[in-house]
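Quick note: my numbering has the sequence shown finishing at residue 265, numbered continuously throughout.
Each residue gets a CB set at the ideal place from its N, CA and C atoms; glycine is no exception.
Comments concern the structure below.
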Amino acid sequence: MSAHDDTGLRDRVEALAPWFHNMDLGGGLWTAPDHFLGNYPRFKFERFASALPADLTGKTVLDIGCNAGFYAIEMARRGASRVVGIDSDPRYLAQAQLAAEALGINGIEFRELDVYRVAELGERFDLVIFMGVLYHLRHPLLALDLIREHIAGDLLLFQTMQQGGDAVYDVPEDHPFHVPGTFDAPAYFTDPGYPKMHFIERQYAGDWTNWWAANAACSQAMLRAAGFAIEAQPESEVYICRVAPVPFQEWQNGPMAAYPARKPA
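Listed below in structure tokens is the structure:
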């Protein structure tokens, strides 16, 4: 079915408003024509699209926090053999189903599931998309741990809101309590490039779910700590990573995640 064949498509789109993904469904129908960011997320995707495999034939993809399905649809267009989109909001999932239907994209599985329950999927994916989610989570590092522990098979496409500068301090391998020979605190904790996660107690841009704003050093450090090696940074807030050994895993008595999700029996 296309936008040109369904005269009621516009009414269906409006019934699911508001849309955060402004998508062209054809025939002059956009899902969010008055979006404050314009052609979003298309314009953002075009900045790093070339850094992802152009051909995903035979690959599996999981889009966490898929919203209205823009990235899941784009990965299906690249030939992925299996695409799953999960979100905790049923309205977003309904939007995603409608967009895929209107664009003639078949076979994407959309499920109501949050990131803390990804173990329930019971499989690993060649590409995991985790964009625009981390800063909405009360427990961000736990989410990364669970992704690495249960579902990441190879590549991770990651994006999060960053504030506090792009400087990256070369932190010491081990942190002393004091500057050697003194009782003075080490200066690196106040260095602009030291990994910092800014906690937003109230609202950010009118959204009470915006809890965290990492600086660039913190985003990178958290990815490494969870067991992801950064292979490319095609945009300031976008990282393409590959699964790597989890630091200190040999010292752990069990899974790295503090409260590991259990797979279904």
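Inspect the beta-carbon positions of G85 and A94 and report whether they are closer than 7 Å.
no
**Spatially closest choice to L137 from Q97, Y188, P41 and I64, by CA coordinates** = I64
Would you identify the three-state DSSP class for V36, choosing helix, strand or coil? Going by the sequence as given, residue 36 is Phe instead of Val. Note: F36 maps to coil in three-state DSSP.
With a cut-off of 7 Å, does the C-beta of W211 fall near any C-beta of chain C? Included in the structure is just one protein chain, with no chain C present.
**Study point:** Closest by C-alpha distance to G193, when choosing among T209, L127 and D170
**Key:** D170
*asked:* Just to confirm, is the Cβ distance from A49 to W19 under 7 Å?
replied: no
Tell me the DSSP bridge mates of W30? D24
query = Between the segment 27-46 and the segment 209-223, do three or more beta carbon pairs fall short of 8 Å?
reply = no
Notebook entry, point to check: Of all the options P90, G58 and A100, which has the alpha carbon lying nearest to the alpha carbon of S81?
Noted result: G58
- Message: So, for M161: in the same chain, excluding its five sequence neighbours on each side, which residues have a beta-carbon less than 6 Å away from its beta-carbon?
- Response: Y135 and A213
Proximity below 7 Å, CB of I240 to CB of L127: no
Find the nearest neighbour of I105 within the set R77, L9 and V179, judged by alpha-carbon distance.
R77
Exercise for the section: Using beta-carbon positions only, say whether G153 and F199 come within less than 7 Å of one another. Expected result: no
request  = Note down, one range per segment and in chain order, each beta strand (DSSP E) of at least 3 residues found wholly within the segment 213-237.
outcome  = 228-235
| task | Tell me where the beta strand (DSSP E) around D63 begins and ends. | result | T60 to I64
Q | Three-state secondary structure (DSSP) of V118 | A | helix
For this session: Name the two residues that bound the continuous alpha helix (DSSP H) containing H150.
Result: P140 to H150
Whole angstroms are fine: how far does the CA of W251 sit from the CA of C66?
35 Å
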